[in-house]
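Colleague: Going by mature numbering (1 follows the signal peptide of the UniProt record, and there is no 0), the letters in the sequence shown line up with residues -25 to -1, 1 to 695, in that order.
C-beta: ideal position from N, C-alpha, C; glycine also.
Below is the structure I would like to discuss, written out as structure tokens.
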Amino acid sequence: MERLRCSLTVRLFVIACVRYSACDAAECTSITQNILTSENCPANCLNNPCVLYAPSLRARLPCRNTGASGSCLFDTSYETESGSCELTYQCLDSMVNAQDSWFLSTGYIKQSDTMTQAYVTVIQKLRFDPSIVSVYVLFLRLFLSLLCTIRQLNGGPTMGTKGVMQNVRLEPSFFSNQPTTVLQFIGMHINLRAFLDQSDVTFPPTLTHLYLVNVNLQTLPKQIMNCSLTYLDVSQNYLASFPSESSQMYQSLKSLTTLNLAENNLANFTSPLPSKLENLTLSGNPMEFIPPVIFLSNALKELRMKACRLSNVKLTPEQFAFLESLSTFDVDMAFSGRCDQGYGATESRNGKVCVFGAADASSTSSSTGLIVGLVLGAVGILLIACSYVYWRRRSRQEKYSTKGNNRFDTDLTEDMLRDGSGGVSGETHGSSSIWTDSELLAVRVDYKDVRLVKLLSRGGFGEVWLGSYMNEEVAVKRLLSDKKTMSDALAFASEVKVMAKLEHPKIVRFIGVAWSTALTIQAVTEYMDCGDLRSLLNSRKGSSLTWANLKCQIAIDIADALVYMHTMNPKIIHRDLKSRNVLVDAQQGAKLSDFGISRNRSLEDTMTAGVGTARWIAPEVIFGGHYTELADVYSLGVVLTELDTCKNPFHDAVNTNGSKMQDVTILQLVSSGQLKPSFSASCPASIVKLAEACLAFHPSERPGAIHVSYELRKILQEEL
């Protein structure tokens, strides 16, 4: 401990977005990436690290004067082996922004005197100060952690999505270049599997704290056996087992006090906990029960098992007392309402569990309880029958009082999914109730278990609330109070049935549907903590987004969702793709939402809903005729312009007299091929080219979603 106090003078924080392997020379002609290095820096850097800016990247990733980062300099006589040349560079001699911190951010956020910022794409031959005890190497593509409030399964912050990582080539001597005083290493969101498989890669034996988060691990790295770790975080990897008690790896972990295994592939944990382990996180693993070895620990104080698959947890009285005695017991547990014979439902700090031998009023077999149950059941059946009769009478009244010839079916028919009718015109038929709809009943959850916390947003037809269900934060979507007609409820039910059929990583996860009456129907989905894309782009933080750090990945996420929908049999067309219907989460990226309630809007409704769907509609849809999935591709092209400008599409469209163009005029010009949304001057040419293809007037000239997804990945890999 004395050594730690004496040497804890400087910490190196390096946040970098590495996409290419480092070059070996600092000649101007060979610098193709912005390089953070300790070698070949200009003389006036006085042996401090520097960033050498590639001429080819100056326009897209320029040097910025950002206070603590030092000044951007331009040297026309930078000497190389082939002579002098021009070079833009930055001496990082003022990186220390606190007594024990050295912080470098690779993205420009805002002017800062306390944060060092530089657009770095390569880290090469970086020498460390001999007093350093902590090395942070965080290679990030998504800067969502800087953009919104984040909560992670283990209670701490997260800066990326599992599986989204950089392929970085590190030399075997990477750790050898670090001083022997290093006690802590943090590696996040880089693919280290191949690197750690090399036999000549070793960790500093002085390491006590190791973070290997989202680095593509399938087993614990063998280099751990050379260390005496007290803190190990290997969350967001692919570990399916923990070392057995007899293994050398297990013996090397005997000093651990904290172990984070969140979001791996662990179905069980059979090895005894290390004898000194006080803090264990197993959240996000496919575990269906609490591992029995946990109850054998004499040191454990904190246990986290959020988002596992625990249901009707069975415990002995001793096990129940053990869990209740922990200082932290943060676990998600579902309870069906009844325990197996011999067990009684017992309330814990995280919900009900089944404890052996405990009294359980719900399991009594008294005649009184039976009689009460029969009476309540009969009353329930009577209420359902009355509700059905009431609905039948009211639906007849509403059917004949509706303007025109529009009637909405209970089911979203396959024709509505495949073609462009969308329920806006024409006639559909049907009279079944949500109370008897087998598809809805299959995904129904108890209305009483869904709790509303606060209103998040309100649109023209519905509202979204932050809620909770089974100890999980959820989003609850329901109809506006003035839209609670039977037609609206049935249309919403149709959307719910579509949501229930979709399962893809880039489509908002559907949890269930709840109702107490037909008019109170509400959909329960996963909660996306950054809100919708439009709000993110409108915020002050939107200006910090670039195509390299976030925008292109969001576009890929949207395209992937469309690929899934458009390749289903039959195809599903979203028909309302816009930035408001793209939700963003700090951990999971962007996902597509809203699958139907807007499809039943008339064109008049669309035009009077503010900046609604109108500006994203494809020309063929405006005509009112048949359309295909390529209408979604057009809308994706419009979203690409939003990502570019961070503004609403057609924000700069004006009439001949200079006044702001209204939606009616925009629709007229779009339908005739005379108007398209604009791009900024700084938008990458490849993005503009792809977006313009999506915005082609004739659907046959637009690329399919799968082609768009491929091109975006190619752009991200080769250009950004």
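Beta carbon of A666, beta carbon of R677: below 8 Å?
Modeller: As a working mapping, residue 666 is identified with position 691 in the sequence shown. As a working mapping, residue 677 is identified with position 702 in the sequence shown. In terms of Cβ geometry, A666 and R677 do not form a close pair [threshold 8 Å].
Colleague: Within the same chain, show all residues whose beta-carbon is closer than 8 Å to that of W490, passing over the 5 residues directly before and after it, in chain order.
Modeller: As a position in the sequence shown, residue 490 is number 515, starting the count at 1. Cβ neighbours of W490 beyond the five flanking positions: I409, R419, Y422, I496 and Q497.
Colleague: Taking three-plus beta-carbon pairs below 8 Å as touching, is the region 462 to 472 in contact with the region 506 to 525?
Modeller: no
Colleague: Please determine if the region 684 to 692 and the region 631 to 641 are in contact, where contact requires at least 3 C-beta pairs separated by less than 8 Å.
Modeller: no
Colleague: Using C-beta distances below 6 Å, list every residue in its chain close to C658, excluding the 5 sequence neighbours before and after it, in chain order.
Modeller: As a first step, residue 658 must be located in the sequence shown, where it is residue number 683. Counting only Cβ-Cβ distances below 6 Å, and skipping sequence neighbours, we find D619.
Colleague: Can you list, in chain order, the residues of its chain with a C-beta nearer than 7 Å to that of C25? Leave out the 5 residues immediately preceding and following it.
Modeller: For the purposes of this step, residue 25 is taken as residue 50 along the sequence shown, with counting starting at 1. The answer, listed in chain order, is T12, C16, P17, Y64, Q65, C66 and L67.
Colleague: Is it true that the CB of T500 sits closer than 8 Å to the CB of A466?
Modeller: In the sequence shown, residue 466 corresponds to position 491, counting from 1. In the sequence shown, residue 500 corresponds to position 525, counting from 1. No, Cβ-Cβ distance for A466 and T500 is not below 8 Å.
Colleague: Can V683 be considered in contact with the ligand FMN, in the sense that its beta carbon sits closer than 7 Å to one or more heavy atoms?
Modeller: Summarising the ligand content, the structure contains no ligands, and the ligand FMN is consequently not present.
Colleague: Within the region 516 to 577, note down every full alpha helix (DSSP H) run reaching 4 residues or more, in order along the chain.
Modeller: 527 to 541
Colleague: One question on the structure: do D532 and A565 come within less than 8 Å of each other, judged by their Cβ atoms?
Modeller: Against the sequence shown, residue 532 aligns to sequence position 557. Against the sequence shown, residue 565 aligns to sequence position 590. Yes; because the gap between Cβ atoms is below 8 Å, this pair is in contact.
Colleague: Using three-state DSSP, classify V95 as helix, strand or coil.
Modeller: As a working note, residue 95 is residue 120 in the sequence shown. Correct three-state label for V95: coil.
Colleague: Taking a contact to mean a Cβ-Cβ separation below 8 Å, would you say Y206 touches T177 in this structure?
Modeller: Residue 206 sits at position 231 when you count from the first residue of the sequence shown. Residue 177 sits at position 202 when you count from the first residue of the sequence shown. Cβ distance not < 8 Å, so Y206 and T177 don't count as in contact.
Colleague: From the DSSP secondary-structure annotation, give me the bridge partner or partners of F331.
Modeller: The count along the sequence shown starts at 1 and reaches residue 331 at position 356. In DSSP, F331 forms a bridge with Y318.
Colleague: From F170 to F150, what does the alpha carbon distance come to, in whole angstroms?
Modeller: As a working note, residue 170 is residue 195 in the sequence shown. As a working note, residue 150 is residue 175 in the sequence shown. Just so you know, the alpha carbons of F170 and F150 end up roughly 11 Å apart.
Colleague: Here's a check: name, in chain order, each residue in its chain whose Cβ is nearer than 6 Å to the Cβ of P147, leaving out the five neighbours to either side.
Modeller: In the sequence shown, the residue the question calls residue 147 occupies position 172. Contacts found: Q173, D175 and V176.
Colleague: Between the Cα of Q643 and those of F598, Y609 and G612, spot the shortest distance and give me the residue it belongs to.
Modeller: In the sequence shown, the residue the question calls residue 643 occupies position 668. Measuring from the Cα of Q643, the nearest candidate turns out to be F598.
Colleague: Kindly indicate which three-state DSSP category G612 falls into: helix, strand or coil?
Modeller: By one-based count along the sequence shown, residue 612 stands at place 637. Note: G612 maps to helix in three-state DSSP.
Colleague: Could you compute how far the alpha carbon of E579 sits from the alpha carbon of L567?
Modeller: Within the sequence shown, numbered from 1, the residue matching residue 579 stands at position 604. Within the sequence shown, numbered from 1, the residue matching residue 567 stands at position 592. Low local confidence applies: a pLDDT of 44 at E579 is under 50, so the model's placement there is unreliable, with the coordinate-based value given in what follows. Looking at the two C-alpha atoms, the distance is approximately 25 Å.
Colleague: For the beta strand (DSSP E) that L185 lies in, which residues bound it at each end?
Modeller: Here residue 185 is taken as the residue at index 210 of the sequence shown, counted from 1. Unbroken beta strand (DSSP E) run through L185: H184 to V188.
Colleague: Helix, strand or coil, according to DSSP, for L431 in the structure here?
Modeller: Position 456 of the sequence shown, counted from the first residue, corresponds to residue 431. In this structure, L431 counts as strand in the three-state DSSP scheme.
Colleague: Which word fits V614, buried or exposed, when buried means at least 16 other C-beta atoms lie within 10 angstroms of its C-beta?
Modeller: Residue 614 sits at position 639 when you count from the first residue of the sequence shown. The residue is buried, with at least 16 neighbouring Cβ atoms inside 10 Å.
Colleague: Apart from the five residues just before and just after A334, which ones in its own chain have a Cβ nearer than 7 Å to its Cβ?
Modeller: In the sequence shown, counting from the first residue as 1, residue 334 sits at position 359. Within the same chain, A334 has close Cβ partners G319.
Colleague: Looking at the strands, I want to know which residues DSSP matches up with T303.
Modeller: For this step, residue 303 is matched to residue 328 along the sequence shown. Looking at the DSSP assignment, T303 forms a beta bridge with E277.
Colleague: What is the DSSP secondary structure of E447, counted as helix, strand or coil?
Modeller: In the sequence shown, counting from the first residue as 1, residue 447 sits at position 472. Correct three-state label for E447: strand.
Colleague: What is the rounded straight-line gap between the Cα of P652 and the Cα of G312?
Modeller: As a working mapping, residue 652 is identified with position 677 in the sequence shown. As a working mapping, residue 312 is identified with position 337 in the sequence shown. Cα to Cα, P652 sits roughly 55 Å from G312.
Colleague: Rounded to the nearest angstrom, what separates L278 and K429 at their Cα positions?
Modeller: In the sequence shown, residue 278 corresponds to position 303, counting from 1. In the sequence shown, residue 429 corresponds to position 454, counting from 1. The alpha-carbon atoms of L278 and K429 are separated by roughly 29 Å.
Colleague: Could you check the C-alpha separation between T256 and A237 for me, to the nearest Å?
Modeller: Translated into the one-based positions of the sequence shown, residue 256 becomes position 281. Translated into the one-based positions of the sequence shown, residue 237 becomes position 262. When rounded, the distance between both Cα atoms is 6 Å.
Colleague: Identify whether L687 lies in helix, strand or coil by the three-state DSSP scheme.
Modeller: Here residue 687 refers to the residue found at position 712 when the sequence shown is read from its first residue. L687: helix per DSSP, three-state reduction.
Colleague: Just the Cα atoms here: how many angstroms apart are residue 696 and N260?
Modeller: Limits of the chain in this structure are -25 at one end and 695 at the other, which puts residue 696 out of reach.
Colleague: Mark V639 as exposed unless 16 or more other C-beta atoms lie within 10 angstroms of its C-beta, in which case mark it buried.
Modeller: As a first step, residue 639 must be located in the sequence shown, where it is residue number 664. Classification for V639: exposed.
Colleague: On the DSSP bridge assignment, give the partners of D208 in chain order.
Modeller: In the sequence shown, residue 208 corresponds to position 233, counting from 1. In DSSP, D208 forms a bridge with Y186 and N235.
Colleague: From S219 to K546, what does the alpha carbon distance come to, in whole angstroms?
Modeller: Stepping through the sequence shown from its first residue, residue 219 is reached at position 244. Stepping through the sequence shown from its first residue, residue 546 is reached at position 571. So the alpha carbons of these two residues sit roughly 48 Å apart.
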